[in-house]
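Undergrad: Sequences listed follow chains A and B, in order. Throughout the first sequence, residue numbering follows numbering that gives the first Met the number 0, covering 0 to 219 in sequence. Throughout the second sequence, residue numbering follows numbering that gives the first Met the number 0, covering 0 to 261 in sequence.
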Amino acid sequence: MLEGTIALLPEIAVALGETFLMLGIALTAALILGGPLGVLLFLTGPGQLLQRPKLFAVLNGFVNLVRSFPFVILLVALVPLTRVVAGTTIGPLAASVPLSFAAIPYFARLVEQAVREVPSGVIEAAKAMGASPLQLIWKVLVVEARSGLVLALTVLAVSFLSYSAMAGIVGGGGIGDLAIRFGYYRFQTDIMVVTVVILVVIVQSIQALGNTVARRLDKR
Amino acid sequence: MITLDQVHKTYPSDTGAIAAVAPTSLQVERGEIFGIIGRSGAGKSTLLRLINRLEQPDGGRVYVDRQEITSLEGSQLRAARRSMGMIFQHFNLLHNRSVLSNVAFPLEIAGVSTLEARKRAEECLEWVGLADKAGAYPAQLSGGQKQRLAIARALAPSPKVLLCDEPTSALDPHTADSILTTLQDVNRNLGVTVVIVTHSLDVVRRICNSVAIMEQGRVVEHIRLADLMASPRSELGRLLFARPSAQPERTPTSALARLAYA
């Protein structure tokens with residue numbers, strides 16, 4: 000078991016790099032685009048500050064639509080978009096396009112739920128103090144929901160680590176792809192075990208880090 | 000100080016529109032403590048929220064310190080809200096901010112420099128007796144301390160008016176009493192006009208100069224307490240100034256009813 004693993008160490012290192020690249024891009028896209036989308040989803044919802052039924056229906060429908068796709072299908076269906084955005088349809092950069100596309104609405108929904116935990120009375124109090132909508136978002140919603148938002152990002156990271164394993168279909172590589180190619184297709188059980196152990200360690204670390212940060216930030 | 004001119008508000012519902020506040024006109028004088036009393040659902044909280052437009056009136060006008068609040072939009076409305084402090088039954092503090100930072104918050108969003116905001120916040124905390132808690136978080140405070148913190152936060156931008164929505168309903172009688180004393184200090188020493196929504200006759204008797212009684216969205220009576228004492232013939236007068244044994248809210252059943260309200 001050791002020999003086979005040692006022989007594959009360079010491959011494992013490259014795969015780890017690919018995994019973190021894909022995850023990094025998808026999480027960044029989710030934070031930058033999914034975060035605001037989630038806040039907007041919350042604010043335009045029924046009975047909320049910027050209540051806009053039509054806009055809410057469109058956003059809500061879009062989030063549900065993207066989230067209904069099994070990721071493998073999205074991966075293939077988005078090939079034309081991938082070609083435009085990444086300039087290629089193979090490799091980890093190409094795989095990052097559908098990953099980001101799926102991560103944005105996924106994170107938006109998690110953000111919406113986290114922000115919903117902020118008591119409406121606190122929002123009302125901030126309004127009564129003359130807070131503008133932007134101040135309300137940045138200084139009240141984000142600050143008061145911050146530990147929930149960190150946990151949302153943690154859930155997203157773990158889910159998309161797992162999603163990235165499917166990136167092999169478009170030649171994305173990564174640690175999960177390695178497990179499928181060597182461990183599954185070539186019946187190299189040792190490689191399978193090693194890669195799965197690596198994935199388990201990564202997931203445990205992400206979750207432990209997320210929990211610690213969330214706990215430190217929570218003063219409630 | 001505050002003038003309500005035929006303001007009204009209805010909510011849509013399954014069985015048609017419900018009038019939360021029927022067209023109502025009221026006058027709150029500068030420097031007084033004005034009580035709005037009534038049962039749950041009588042529209043008192045809605046009426047209070049019409050003053051700073053947390054509730055949008057369907058019609059009528061609201062003036063605060065001669066400024067028409069009902070005609071303001073956007074940043075003008077936000078500026079006007081800064082001249083009105085507000086405190087709530089459940090305090091509504093910012094849990095992830097320290098005590099000091101909670102008080103500095105209204106100044107921060109008004110664009111006051113960090114240093115100045117901090118200085119003013121320390122002053123206000125001193126004033127409500129929480130100076131030693133500046134670095135704590137709201138979760139570490141008792142109910143009474145939380146309401147004091149809320150008062151300090153409301154006072155930070157030096158408001159002319161303090162709106163209070165059931166400020167003592169979530170507190171035990173002893174703590175409630177000390178909060179009422181603080182509100183009285185705010186009124187007497189800082190010259191802030193106080194409007195207080197309550198369902199407790201005790202609160203009215205203890206600190207109010209005037210009181211409006213609401214029933215089903217209408218103000219059914221509006222009187223100065225001084226006049227009441229001169230001619231305690233009205234229903235309210237009897238309730239407020241009758242001998243202790245005859246005070247209905249001191250009887251066990253009413254006490255239970257009040258617990259149910261809270």
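Idealized CB from N, CA, C, for every residue including glycine. Note that this is a predicted model, so its numbers are computed, not measured.
Mind listing which residues of the segment 107 to 132 of chain B have their C-beta closer than 8 Å to chain A's C-betas, in chain order?
TA: Listed in sequence order: 107, 108, 109.
Undergrad: Roughly how far, in whole angstroms, is the beta-carbon of residue 65/A from the beta-carbon of residue 81/A, given that I think they are within contact range, below 8 Å?
TA: No, residue 65/A and residue 81/A are not in contact; Cβ-Cβ is about 15 Å, not under 8 Å.
Undergrad: Quick check on residue 199/A: buried or exposed, where buried means 16 or more other Cβ atoms within 10 Å of its Cβ?
TA: Its Cβ having fewer than 16 others within 10 Å, residue 199/A is exposed.
Undergrad: Based on Cα-Cα distance, which residue from 102/B, 127/B, 125/B lies nearest to residue 116/B?
TA: 102/B
Undergrad: Is it true that the CB of residue 146/B sits closer than 8 Å to the CB of residue 124/B?
TA: no
Undergrad: Along the chain, where does the beta strand (DSSP E) that runs through residue 18/B open and close?
TA: 17 to 27
Undergrad: Could you tell me the alpha carbon to alpha carbon distance between residue 1/B and residue 26/B, rounded to whole angstroms?
TA: 6 Å
Undergrad: Give me the Cα-Cα distance between residue 175/B and residue 197/B, rounded to the nearest whole angstrom.
TA: 12 Å
Undergrad: For the segment 76 to 91 of chain B, which residues have a CB atom closer than 7 Å to at least one CB atom of chain A, in sequence order?
TA: Per Cβ criterion, the list reads 77, 78, 80, 81, 85, 87, 89, 91.
Undergrad: Going by DSSP, which residues form a beta bridge with residue 209/B?
TA: DSSP, once it has assigned bridges, lists 33/B, 223/B as partnering residue 209/B.
Undergrad: Name the chain B residues that come within less than 8 Å of residue 145/A, Cβ to Cβ?
TA: 95
Undergrad: What three-state label does DSSP hand residue 5/B in the structure shown?
TA: Reduced to three states, the DSSP call for residue 5/B is strand.
Undergrad: What is the rounded straight-line gap between the Cα of residue 211/A and the Cα of residue 166/A?
TA: 30 Å
Undergrad: Please name the residue in 222/B, 213/B, 74/B, 214/B whose C-alpha comes closest to that of residue 207/B.
TA: 222/B
Undergrad: Taking only beta-carbon atoms, is residue 108/A less than 8 Å away from chain C?
TA: Judged by its chain identifiers, the structure shown contains no chain C, and its protein chains are A and B.
Undergrad: When you compare the CB positions of residue 7/B and residue 21/B, do they come within less than 8 Å of one another, or not?
TA: yes
Undergrad: Taking Cβ-Cβ distances shorter than 9 Å, what residues in chain A pair up with residue 53/B?
TA: 123, 126, 127
Undergrad: Quick check on residue 61/B: does DSSP put it in helix, strand or coil?
TA: The answer is strand: DSSP assigns residue 61/B an E or B state.
Undergrad: Quick one: residues in its chain with C-beta nearer than 7 Å to the C-beta of residue 153/A, no 5 flanking neighbours on either side, listed in chain order?
TA: 205, 206, 209
Undergrad: Excluding sequence positions up to five away, which residues of its chain have a Cβ less than 8 Å from the Cβ of residue 130/A?
TA: 138, 139
Undergrad: Helix, strand or coil for residue 214/B, going by three-state DSSP, please let me know.
TA: strand
Undergrad: Could you tell me which chain A residues have their CB closer than 9 Å to the CB of residue 166/B, listed as they occur along the chain?
TA: What residue 166/B touches in chain A: nothing, since even the nearest Cβ is about 13 Å away.
Undergrad: When you compare each of 62/B, 37/B, 30/B to residue 188/B by their alpha carbons, which one comes out closest?
TA: 30/B
Undergrad: So with Cβ pairs under 8 Å, would you call residue 260/B a contact of chain A?
TA: Low confidence applies to residue 260/B: its pLDDT is 45, below 50, so where it sits in the model is not reliable, and the reading given next is rough at best. No - not a single Cβ of chain A is within 8 Å of the one on residue 260/B.
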